[in-house]
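This report concerns only the one structure given below.
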Amino acid sequence: MNKNGEEKINQPESETRFQFSTQNLVVILSVLAASLYLPLLGNYPLLGEWEAFFGRAAMEMMTSNSWDWFLDPLYLGKYDLWSKPVLCYWMVFPFMKILGPTEFALRLPFALNGIAFVILVFYITKKLLNDNGRAFFAAFITIFTPFTFLITRHFMWDITLVTFITGATGFLYIGWRDNNRKLLRLAYLFMGLGMLTKGLIALFVPAIIFIIFFIVITDYSKGAKNSFVKLLGFFKEVRAVEGLIIVLAVSGWWFLYMGIKHGTPFFNEFFGKHHFSLLAGKLNKPDGPFEFYVW
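Reminder that position 165 of the sequence shown reads as 165 in our numbering, one-by-one numbering, no gaps.
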């Protein structure tokens, strides 16, 4: 009762304290990321060899008279640019068509991709922890991570690959944990798109993570046979066969097309040189001092 004899109603703390909704947090994160990633995108020339290299290829593809100009990377008039798949070229084509072949047009889709990556980190963390505050904190840190800033402001494949690997790994785990078929399918869709971005690494990274995860959670006290049965059950739970079909449907057709058109040289170049030779440290191996990794 108050001094006037009226009953005082105590509001729960959760109702009296101002709280940000999920939508508000997404807007705040988007504005923060955009304010860091978008300004002055076109105010500096193409940097390093890769921006100029792939930027030239994108322009040549758009001006080609071939019917498959959007499928087969073209560089200096030759159809032998097989170091990367085709998805990131598709990302820049609409912007180059509208804005012209400028530095801004080449970089804008990857800056927007960076903003989407931040929101993806927020969403996955929220699904994992069911906590808006920690999800916001994770996405906030992502925005201001120096390497994230670097790869979102260049015409590079890396931010797109990281987005798809993050989505594939996160949704695969959450889908398995919650027995959510839609999220599992979304995870495999991300893997397929990652394959079209940079190849097998989009499959290897999530696969290695989940192999390690399975090794850690497995109870070996009941023998090898039981562990093997559990492994088969795990593959069934993550719908691995259905996932493989999704990955092949999303990305396999492009590799098949390129193989039919160019034959063995394509597979030797793309998989042999730019996958296995790179993994073995025989390609693009830095030989500078430690400062190489800083600068």
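For each residue, glycine too, the CB sits at the ideal point set by N, CA and C.
All values reported here derive from a predicted model rather than from experimental measurement.
Ordered along the chain, which non-local residues of its own chain (more than five positions away) have a Cβ less than 7 Å from that of residue i?
| i | result |
| --- | --- |
| residue 16 | Since pLDDT at residue 16 reaches only 38, below the 50 mark, its modelled position is unreliable, and the value read off the structure follows with that caveat. Within the same chain, residue 16 has no close Cβ partners at all. |
| residue 46 | 52, 55 and 103 |
| residue 111 | 37, 38, 41, 152 and 153 |
| residue 259 | 266 and 267 |
Counting only the same chain and skipping the five closest in sequence on each side, list residues whose C-beta sits under 8 Å from that of residue i.
| i | result |
| --- | --- |
| residue 254 | 71, 85, 86 and 196 |
| residue 181 | 175 and 239 |
Nearest-angstrom Cα distance between residue i and residue j?
| i | j | result |
| --- | --- | --- |
| residue 194 | residue 206 | 11 Å |
| residue 79 | residue 256 | 16 Å |
| residue 275 | residue 20 | 45 Å |
| residue 192 | residue 24 | 31 Å |
| residue 265 | residue 35 | 44 Å |
| residue 262 | residue 270 | 11 Å |
| residue 173 | residue 58 | 36 Å |
| residue 244 | residue 227 | 23 Å |
| residue 241 | residue 158 | 28 Å |
| residue 155 | residue 225 | 49 Å |
| residue 144 | residue 229 | 44 Å |
I want to check one thing, is the minimum distance from the CB of residue i to the heavy atoms of the ligand ADP below 6 Å?
| i | result |
| --- | --- |
| residue 199 | Although the ligand ADP was asked about, the structure shown includes no ligands whatsoever. |
Using a Cβ-Cβ cutoff of less than 6 Å, which residues in the same chain neighbour residue i once the five nearest sequence positions on both sides are dropped?
| i | result |
| --- | --- |
| residue 60 | 74 |
| residue 219 | none |
For residue i, count neighbouring C-beta atoms within 10 Å of its own C-beta (all shown protein chains included) and say buried if the count is 16 or more, exposed if not.
| i | result |
| --- | --- |
| residue 67 | exposed |
| residue 77 | exposed |
| residue 115 | buried |
| residue 147 | exposed |
| residue 217 | exposed |
| residue 94 | exposed |
| residue 44 | exposed |
| residue 65 | exposed |
| residue 135 | buried |
Closest by CA to residue i, which one among the options?
| i | options | result |
| --- | --- | --- |
| residue 232 | 251, 249, 106 and 211 | 211 |
| residue 186 | 108, 198, 171 and 272 | 171 |
| residue 167 | 32, 81, 122 and 141 | 122 |
| residue 203 | 164, 229 and 223 | 164 |
Exercise. Hey, which unbroken runs of the alpha helix (DSSP H) at 4 residues or more fall wholly within the segment 199-230?
Worked result: 201-217
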